[in-house]
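These protein sequence lines map, in sequence, to chains A and B.
Under the UniProt record's numbering, the first sequence has 307 at position 307, and the numbering climbs by one with no breaks.
Under the UniProt record's numbering, the second sequence has 520 at position 520, and the numbering climbs by one with no breaks.
No residue lacks a Cβ here, since even glycine has one placed at the ideal position from N, Cα and C.
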Amino acid sequence: MEYSIPDFLPSFFGERAMLKRLLFIPLLATPAWAETPVLTVYASTSFASEWGPGPAIETAFEAVCGCDLQYRTTELIPSLMLEGARTEADVVIGISTDETLRARATGLFSPHNQDLGSLTLPVEWTDNTFLPFNYGDTAFIYDNTKLTNPPTDFEALVALPEDVKIVIQDPRSSGAGLALVLWVKSVYGDQAEAYWQRLAPRILTVTKGWSEAYGLFTSGEADMVMSYITSPAYHMIVEQDETKVAAIFSEGHYFTAEVVGQIAGTDQPELAQSFMDFVLSPTFQEMIPRVNFGFPVKLDPSLMPPEFAKLNLPPKSLFYTEAEVAAIQDEAIAEWQRALSQ
Amino acid sequence: MAARIKPVMTDRAVIWAATGLAVAVMLLLLAPLGALGLSFSAATLTVAEGSALRFTLWQSVLSAGISVVLAVPVARALARRRFVGREVLIATLGAPFILPVIVAVLGLLAVFGRAGWVNGLLATLGLPAFSIYGLQGVVLAHVFFNMPLAVRMILHGWQAIPTERFRLAQSLGFSPRDVQRHIEWPMLRAVLPGAALVIFVICLASFAVALTLGGGPRATTVELAIYQAVRFDFDLPTAARLALLQFGLCALAFLVAARVALPSGFGAGGGRIGGPPAPGGWHRAGDVVAITLAALFFALPLGAVVLRGVPGLVDLPGQVWAAAGRSLGIALASTAVSIGVALVFAMAAARGRAWPALAATLPLAASSLVLGTGLFLLLQPYVRPSSLALPVTFVINAALSLPFAFRILAPEARSLYTDYHRLSQSLGLTAWARLRWVVLPRLSRPLGFAAGLVAALSMGDLGVIALFAGDAEATLPLIVHRLMGAYRMDQAAAAALVLVALSFTLFWIFDHWGRRYAAA
């Protein structure tokens, strides 16, 4: 049988035209044919994933806004730095308090226009740009059926048996990872790098984000994971599992809150503002302990799920202000990177 | 007279086309490098960057060494034993080359992860656990990908030893040990360094493996550090410095490799009669063990992906199918461009020019992330990089697969030219007629094979797309990676299954088309 080129060329060019469509559809699709206005929210993968608070918050907001809330999952701050004024974000959610400095430096955010007087945060909050919606302290989480003798301070963490492995996050790409680096810095100061060198053999791996690390822990790859003091509430509420608990360290735990900000150059200013208003509403705040498994920033304690009463709580919280973070962050990350490079 | 003029015009058309394309390839390589050079500020490496460089070299050395050493007993066993399924097994050894890295990583995690099968076995035997993260994991994955290549190259060496020598040795009463020392060892000494060098060079530019199994700063390759500098820190000067370092590494390796005669991994495994003697007893048992272990090492991870992926196929999220469409588009587009350019270069090279070979091979000196970072620097001031994620990935995939396609086409194009040039000339065929009636039918087999390789490689590529893509531009390998990141392992395995099926199907369709067209 003989194949000739004329048989073959038309399908070839047909394919090419199809290819072109395939290649460019995703770039044009979103805004062009949407009649309902779209609110684009930049969020971390863990926030927008099915286990995160994203889907519940999306449903609740869409019920009142008459809009389509779409998440764009990305590394928040680098994306904003990269895109600058071209960003498609209307709202950015899930920036940690340690990252607000870099976020503010992009100059992309506008004021949140909320009354901060009624917040129930343990620290005073006066920031007019970034609005907190969730807080908690960092902690290592372990399974109390597998680890019967949990560490009670950072020294005990280093002294764990050799086969006990912990998993942490990269401070350059993860809020939890950055909080850990600052936590160690706040405890060890000048000795932080030396501490990281001693901790290095205990570390199974360093993940890009919180969800990878937490997945390694829940699937049994790691014995301890860097997370938050409130994480066990997830296992209690969703899985009726009380074996995942936070190790309480006598040095104190690092305080961190998650914030949300609206983009000044948004093409949906009213929607963005109504989302900011929504964040402090009872609907949103009641969801925080139940879907984000953190402490809400404005909620009557009687509305908290009972499981929160069972959480191990730290003796004290450690906290760096934005200015303090600015002064030490680069050095603290460099120390971490040097120590773990060896 | 017309009969004389037209072929000359054909020659000229080929040379002109090749010249234009060579200029385009050079521009594509030089423009990003220029952009990198312009953003270059400090020449000193930080501690972490130095460590990334050391890790890159060290894991490449280990991966190459271990792959080659483990490949020797397997290649020997395959060379001297005949059994049912031998041909299939040898053919399957070519499969890891087109297996998407992310699929293999997923399978290796299921087998060698802390909660995986191997560690379960080790625990029952009371042995310490094997950690797949960090250096061990990176080397394990590289051995998984490159040991089959080493086996094919060494097997080729074994089969190239004339059977008469083994017969002579037999008649002289050589023991297996004497055969080893006098016949096999000299062959190995000639083949192994080249094989190790090829694998070393491949591992230098490792990105996806380090991204998934490298554990933090201690197990970061230079290629991964480039990605981190862009995506985590948005530190473009650092990214540029690292990209130039990576380019230097690859270019150096490229120059060294160009001076060493490299063994061929393609086309090994003819079922010739004879071959090395097949001693019985414990030699036989050893060969059985070597072949069984090697087969298990490759089959188990893939089996794990299938087992885990099949149930998830029914409710795959829509984003997986959208990403599959994008990946297919990129694969087909880069195949068309890469094969077209390689064919023109191969035809120009067949006409006695040396420079087309150089132009076609130069992309080997660049890596996905190096070119990607350069283009990123060039384009970033003007457009949102994610809007260019797909076109950039397509162009880079086409460029990086050009050397493979050229290497497959060039020898065939040369013999075609020698055999048919005179005939075409005397028939007075025009350029198009010649392409249609002579070149395409005669080259269809290597064209199909090369197109299959390029399409499958591009389909499974997880490199520059990670640097550029946001949510809406993810390709299928990137979606698998993200599902793994979100720890939706069942969905990740199902998406991986779709990915590997598409890659192998693409390869099969093109290769099959080439063979059928050739046979017609």
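| Every unbroken alpha helix (DSSP H) inside the stretch 430-506 of chain B [4 residues or more] | Correct list: 431-434, 440-460, 464-468, 476-485.
| How big is the Cα-Cα spacing for Arg482 of chain B and Ala18 of chain B? | Taking the CA atoms as reference points, Arg482 of chain B sits about 40 Å from Ala18 of chain B.
| message | Tell me the residue span of the alpha helix (DSSP H) that contains Ser367 of chain B. | response | Looking at the DSSP string, Ser367 of chain B is not in any alpha helix (DSSP H), and its letter there is neither H nor E.
| query | Alpha carbon to alpha carbon, what distance is there between Val222 of chain B and Ala251 of chain B? | reply | Cα atoms of Ala251 of chain B and Val222 of chain B: separation of roughly 14 Å, rounded to the nearest angstrom.
| request: Identify which residue in A:Pro269, A:Asp300, A:Gly294 has its Cα closest to the Cα of Ser281 of chain A. | output: Closest option to Ser281 of chain A, Cα to Cα, is A:Asp300.
| task | Could you name the residues of the stretch 483-515 of chain B whose beta carbon sits closer than 7 Å to any beta carbon of chain A, in the order they occur along the chain? | result | Per Cβ criterion, the list reads Gly485, Ala486, Tyr487.
| field | C-alpha gap between Phe504 of chain B and Val498 of chain B, whole angstroms | value | Using only the alpha carbons, I get a separation of about 10 Å.
| task | For Val259 of chain A, name the three-state secondary structure that DSSP assigns. | result | It is a strand residue.
| What span of residues does the alpha helix (DSSP H) with Arg338 of chain A cover, start to end? | Residues 322-341.
| field | Residue span of the beta strand (DSSP E) that contains Ile199 of chain B, given as start and end | value | Per DSSP, Ile199 of chain B belongs to no beta strand (DSSP E); it is in the alpha helix (DSSP H), 185-204.
| message | Less than 8 Å between C-beta atoms, sequence neighbours within five positions excluded: which residues of the same chain meet that for Ile77 of chain A? | response | Excluding residues within five positions, the ones whose Cβ falls inside 8 Å are Ile95, Glu99, Arg102, Ala103, Thr106.
| query | When we look at the beta-carbon of Leu303 of chain A and count the other beta-carbons within 10 Å, is it buried (16 or more) or exposed? | reply | Exposed, since its Cβ has fewer than 16 Cβ neighbours within 10 Å.
| What number of angstroms, rounded off, separates the C-alpha of Ala517 of chain B from the C-alpha of Gln491 of chain B? | A quick correction: the sequence has Tyr, not Ala, at residue 517 of chain B. In a straight line, the C-alpha of Tyr517 of chain B is about 39 Å away from that of Gln491 of chain B.
| message | For Tyr227 of chain B, report the span of its alpha helix (DSSP H) as first-last. | response | Per DSSP, Tyr227 of chain B belongs to the alpha helix (DSSP H) from 222-231.
| task | State the Cα-Cα distance for the pair Ser387 of chain B and Ala472 of chain B, rounded to the nearest angstrom. | result | Straight-line spacing of the CA atoms in Ser387 of chain B and Ala472 of chain B works out to 9 Å.
| Closer than 7 Å to chain A by CB, Asp235 of chain B | It does not; no Cβ of chain A falls within 7 Å.
| Who are the Cβ neighbours of Phe404 of chain B in its own chain at under 8 Å, not counting the five residues just before and after it? | So the qualifying residues of the chain are Ala450, Leu453, Val454, Leu457.
| Does the stretch 363-371 of chain B come close enough to the stretch 197-211 of chain B that 3 or more CB-CB pairs lie under 8 Å? | Enough Cβ pairs lie closer than 8 Å, so yes.
| request: Under 7 Å between beta-carbons, which chain B residues line up against Ser341 of chain A? List them in chain order, please. | output: Those are Val47, Ala48, Ser51, Pro217, Arg218, listed as they occur along chain B.
| query | Hey, which unbroken runs of the alpha helix (DSSP H) at 4 residues or more fall wholly within the stretch 132-177 of chain A? | reply | The qualifying runs are 154-158.
| message | By DSSP's criteria, Arg72 of chain A is part of a beta bridge. Which residues make up the other side? | response | By DSSP's assignment, Arg72 of chain A forms a beta bridge with A:Tyr42.
| query | By DSSP, does Pro73 of chain B sit in helix, in strand, or in coil? | reply | In the structure shown, the three-state DSSP call for Pro73 of chain B is helix.
| query | Excluding five sequence neighbours on each side, which residues of the same chain lie with their C-beta closer than 7 Å to the C-beta of Ser118 of chain A? | reply | Apart from the 5 residues on each side of it in sequence, Ser118 of chain A sits with its Cβ closer than 7 Å to the Cβ of Lys298 in its chain, given in chain order.
| task | Could you tell me the boundaries of the beta strand (DSSP E) in which Gly94 of chain A lies? | result | Annotation for Gly94 of chain A: the continuous beta strand (DSSP E) segment containing it runs 91-96.
| Under a Cβ-count criterion, where at least 16 other Cβ atoms within 10 Å of its own Cβ denotes burial, should Val288 of chain B be classed as buried or exposed? | Burial call: exposed.
| message | Using 7 Å as the threshold, is the C-beta distance between Leu272 of chain A and Asp127 of chain A below it? | response | The sequence as given places Ala at residue 272 of chain A; Leu does not occur at that position. Cβ atoms of Ala272 of chain A and Asp127 of chain A: not closer than 7 Å.
| field | Residue-level contact to chain B via CB, Gln268 of chain A, 7 Å cutoff | value | At a cut-off of 7 Å between C-beta atoms, Gln268 of chain A does not count as an interface residue with respect to chain B.
| said: Using a Cβ-Cβ cutoff of 9 Å, what residues of the stretch 121-143 of chain B are near chain A? List them in chain order. | reply: Only those residues of the stretch 121-143 of chain B whose C-beta falls short of 9 Å from the nearest C-beta of chain A are listed: Pro128, Ala129, Ser131, Ile132, Tyr133, Gly134, Gly137.
| task | Report all residues from its chain with a CB closer than 7 Å to the CB of Phe293 of chain A; omit the five preceding and five following residues, and keep chain order. | result | If you ignore the 5 residues before and after Phe293 of chain A, its C-beta comes within less than 7 Å of the C-beta of Thr230, Ser231, Ala233, Tyr234, all in its own chain and listed in chain order.
| Hey, does Phe232 of chain B have any beta-carbon neighbour from chain A nearer than 7 Å? | So, interface residue.
| Beta-carbon spacing of Pro477 of chain B, Leu462 of chain B below 7 Å | In this structure, Pro477 of chain B sits near Leu462 of chain B, with a CB-CB distance shorter than 7 Å.
| Going by alpha carbons, who is nearest to Thr87 of chain A out of A:Ala60, A:Asn113, A:Lys310, A:Thr40? | Distance from the Cα of Thr87 of chain A is smallest, within the candidate group A:Ala60, A:Asn113, A:Lys310, A:Thr40, for A:Thr40.
| request: Give the secondary structure of His112 of chain A by DSSP, where H, G and I count as helix, E and B as strand, and everything else as coil. | output: Of the three classes helix, strand and coil, the one that applies to His112 of chain A here is coil, per DSSP.
| said: If you follow the alpha helix (DSSP H) that Leu311 of chain A is in, where does it begin and where does it stop? | reply: Leu311 of chain A -> no alpha helix (DSSP H), and no H or E assigned at all.
| query | From Ser341 of chain A to Arg198 of chain A, what does the alpha carbon distance come to, in whole angstroms? | reply | So the two alpha carbons sit approximately 13 Å from each other.
| request: Taking Thr321 of chain A as the reference, give the member of A:Glu307, A:Thr97, A:Thr36 with the closest Cα. | output: Proximity to Thr321 of chain A across A:Glu307, A:Thr97, A:Thr36 peaks at A:Thr97, based on C-alpha coordinates.
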